[in-house]
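Numbering of the sequence shown is given in my numbering, commencing with residue 1 and proceeding in unit increments. Think of the CB as a built atom: it goes at the ideal place given N, C-alpha and C, for glycine as much as any other residue. All figures in this text were calculated on a predicted structure; none of them were measured in a lab. Heads up, the thing below is written out as structure tokens.
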Amino acid sequence: MYNHQNIEKKWQKYWEENKSYKTTEKHNKKAYILDMFPYPSGSGLHVGHLEGYTATDIISRFKRLKGFDVLHPIGWDAFGLPAEQYALKTGNHPAPFTIKNIDNFRRQLKSMGFSYDYDKEVNTTDPNFYIWTQWIFKELYKQGLASIEQVDVNWCEGLGTVLANEEIIEKNGIKVSERGNFPVIKKPMKQWVLKITAYADKLIEGLEELDWPESLKQLQRNWIGRSLGHTVTWNVNNRNHKLTTFTTRLDTINGVSALIISPEHPLVTSLTTSEYKNDVEEYIKLTKSKSELERTQLNKDKTGAFLGTYAVHPISKKLIPIWISDYVLMGYGTGAVMSVPAHDERDFEFAKKYNLPITKVIEVEDELLPYTEDGKHINSYEADGLNNSEATEKIYELLASQSLVEKKTSYKLRDWIFSRQRYWGEPFPVLFDENNNIYLVKELVKLPEVENIKPSGSTEGPLANVESWMNVEINGKKYRHDTNVMPQWAGSCWYYLAYILKNSDGTYTPLNSEEARRRFENWLPVDLYIGGQEHAVLHLLYARFWHRFLYDIKIVNTKEPFSKLINQGLILGPDGQKMSKSLGNVISPDELVLSHGADALRVYEMFMGPLTDAKAWNTDSLTGIRKWLDKIHSIFENLLNGNISINLDQSELDSKINQLILDVQENIEKTKFNIAISKMMVFINYLSSQDKIASKTPLKSFAILLSPFAPHLAEELLFMLEEKDIQSQTWPFADESKIIAQNPTIGVQINGKVRGQLEILPNWNEQEVIKQAQANPSVAKWIEGKEIVKVIYREGKILNIIIK
């Protein structure tokens, strides 16, 4: 059993002293391999966090061995609400608390042997970093993409700040802050807003060229929500008002049962009669606690209130009741829709609840309602007998002759509310004069050093308390800083560019310099980005927006920042649930690195299953991996202890190692790390049967193949072989001419899902095949402690073990 503690400390010290993973620019091919950088919380990393970091490290090490210049950096998304709340509770400044957390995270990452270039490390709270966040904001302002607007925000009195939708949860039917569980209400406030809607089309079009999961791209398309449709103008009966609705189904206008407007619509008060005033006001109050996501979800329980007024149908001249409902958003279309229950699911549920008429305008059986497909129109006057597109054109012509319709593109995407009422964030690089005119500040606007941070007691941030910083006099004229700061998203919108700009002396090359342009041309786009599914929309959408803007102003050379993206699956606790402190199922890597070693932990996390799948933690299986690594070390010791005999026929070993080189490379490139490890296990089983070998070459090749997965042990194996360190090695060449035709290999399934591969030897009968399959490490872990109900074997094709 090798001493992992000594070996891992030895090689980590060696890598650090030799700057083994310093970013190079000496080859003609590059690989920018990126992790979604962590928020350094006080609780440190758990084993679930390490999955994505291990995956990127394997790819980075592999690419270096293949002769690539590799940029593999790490940094800290270090502004944030938790540190602010710590400061408010304790009276301590958030900076030392944040640095302490960062130091702990860095220690944990180094203990895992990740090959980060720490000269590239960034920290979003470093003024040398956020001066460029401020620069980007100023450029957005100059281009008319940043402005102060009166908007409805999620206001949390308990935290004294505006919250993003993702920072809010529901508890006992009430909206509360995720941190602290304080009530959250909708409140109109003046806030900085970034006009991401101006980039809606570019953000949709940019998705086409990306190697991202289709499900993730669809999430972004749905969030942007581009709809091609029509606006229709309706006269309000007995009132001097007109109401404009947006629809993507103009062909169904003759099936309208009601017009439904958003609770935020400016005409709500004017269109509400005195008889219904109290009901409407009560309903509006209820809607303020709901997020936009909840309001737009296709749940069955639609709510609303009748305003007491009617619109005149532009074709039939019938009176159509006007309702209010929170499933209509003011920001989408015109904030008013026509409800066609027979041909829209949400309208159908709304009509059933409030007994509104359901009029078919497409010929279909009642039991198929709501029917949203193409069909022959009925009850549609001039459009009778036409299909959907023909009916749309006919109705458009009819309404256009009365100037009641226009073609329009609409979006669900809202402009980005960019102000936070906090201390711990990037200050805005602006000054206001006494008339509230805005002036951009050329130099860095640095956060003031403040002890005992306190809420302002108003809707302003804690900075409002720092009068010496807030109030500025220039040439006898008085100015004041903004009391708000930017959201945590700001730094994460461009941090991947900061890695490229970071210099080894701690400075940053200016973002708008020729040298920055040269570096961007060399390194962009990010070749592989790995992170959690929870960032599928907002972080990725915001970063893509900023990047495309920087492309448009000729700062970066690519339209998109991240060419390939993978969402790793969750590693669940031993109880099969998501790891969380409240459930007590969080597993820290520190004890496991001590007891089993970083290499065992790395290999186990990759062996658990496909990278994108959810997997439950099992320490017994980790122990099995550790025993495998011990076996490798023992085999090398035995074979190197005088068991090299140059006269041996080594053709079979040469065949197997060359095949392994091909297999491991293929599976690393496909991020099928569990399969690559399985192939290495099969090879080690074979190697363990060899008493002597003719040369050390296969051992050297194997050590290099192992190095992306278990780098400390691989370095030690090369040292035992009297070879140079990994940094000096290249990926072994596979001589396919030495590969002997293989015995057939079949997939071994557990309940229909392939969990391992098995090479079938010529003398094996069915019983031996089943026995060997069950002994295969890749399969054994899935059937351990389980009852085998049935085994299905199709000779030379597949073996399926059914368990319960």
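Between Ile-657 and Phe-702, the C-beta spacing is below 9 Å. For Asp-279, the enclosing alpha helix (DSSP H) begins and ends at 277 to 287.
When Asp-211, Asp-301, Trp-323 and Arg-518 are compared, the shortest CA-CA separation from Pro-263 is found for Trp-323. Cβ contact annotation for Lys-804 (same chain, cutoff 6 Å, sequence separation greater than five): Glu-787 and Val-789, in chain order. For Glu-406, the uninterrupted beta strand (DSSP E) run begins and ends at 405 to 410, by DSSP. When C-beta atoms of the segment 244 to 253 are compared with those of the segment 336 to 344, three or more pairs fall below 8 Å, so the two segments count as touching.
Sixteen is the threshold: when 16 or more other Cβ atoms of the shown chains lie within 10 Å of the Cβ of Gln-650, as they do, the residue is buried. DSSP, read as helix, strand or coil, puts Asp-69 in strand. In the same chain as Lys-696, and ignoring 5 residues on each side of it, the C-beta atoms closer than 7 Å to its own belong to Ile-644 and Leu-721, in chain order.
Ranking Arg-226, Ile-750, Thr-244 and Ser-227 by CA distance to the CA of Trp-234 puts Thr-244 first. For Glu-716, there is no enclosing beta strand (DSSP E); the residue is part of the alpha helix (DSSP H) that begins and ends at 711 to 720. If you draw a straight line from the Cα of Val-769 to the Cα of Val-754, it comes to about 16 Å. Buried is the label assigned to Ala-311, since at least 16 other Cβ atoms lie within 10 Å of its Cβ. In the pairwise beta carbon analysis, the segment 112 to 121 is classified as not touching the segment 218 to 231: fewer than three pairs are separated by under 8 Å. In this structure Glu-178 is in contact with Glu-167, their Cβ atoms being roughly 5 Å apart against a cut-off of 8 Å. The segment 339 to 390 is shown to contain whole alpha helix (DSSP H) runs of 4 or more residues at 345 to 354, in chain order.
If you keep only unbroken alpha helix (DSSP H) runs of at least 4 residues inside the segment 532 to 586, you get 538 to 552. From the listed residues Lys-578, Val-153 and Ile-632, the smallest Cα separation to Lys-187 is found for Val-153.
According to the DSSP secondary-structure assignment, Asp-433 is paired through a beta bridge with Tyr-479. Taking C-alpha positions only, Ser-456 is separated from Gly-160 by approximately 8 Å. According to the DSSP assignment, Pro-127 belongs to the alpha helix (DSSP H) that extends over 127 to 142.
Nearest to Asn-647 by C-alpha distance, out of Ala-694, Phe-607 and Gln-774, is Ala-694. Under the three-pair Cβ rule at 8 Å, the segment 184 to 200 counts as touching the segment 545 to 556.
In the DSSP assignment, Gly-747 falls within the unbroken beta strand (DSSP E) covering 745 to 750.
Across the structure, Asn-557 and Leu-398 are spaced so that their CA atoms are roughly 48 Å apart.
Judged by DSSP in its simplified three-state form, Tyr-793 adopts strand. Annotated three-state conformation of Gly-75 is strand, per DSSP.
By the neighbour-count criterion, in which 16 or more other beta carbons inside 10 Å mark a residue as buried, Met-1 falls on the exposed side.
Note: Leu-194 is bridge-paired with Ala-146 and Trp-416 in the DSSP secondary-structure output. A residue is called buried when at least 16 other Cβ atoms come within 10 angstroms of its Cβ; Ser-43 does not meet this threshold and is exposed.
Taking C-alpha positions only, Ser-689 is separated from Pro-73 by approximately 41 Å. When DSSP states are grouped into helix, strand and coil, Trp-323 belongs to the strand group.
Judged by DSSP secondary structure, Leu-81 falls within the alpha helix (DSSP H) whose first and last residues are 81 to 90. Here Ser-678 is buried, its C-beta having at least 16 other C-beta atoms within 10 Å. Here the segment 83 to 100 makes no contact with the segment 549 to 565; the two share fewer than three CB pairs at distances below 8 Å. Note on geometry: alpha-carbon atoms of Trp-494 and Leu-329 lie some 31 Å from one another.
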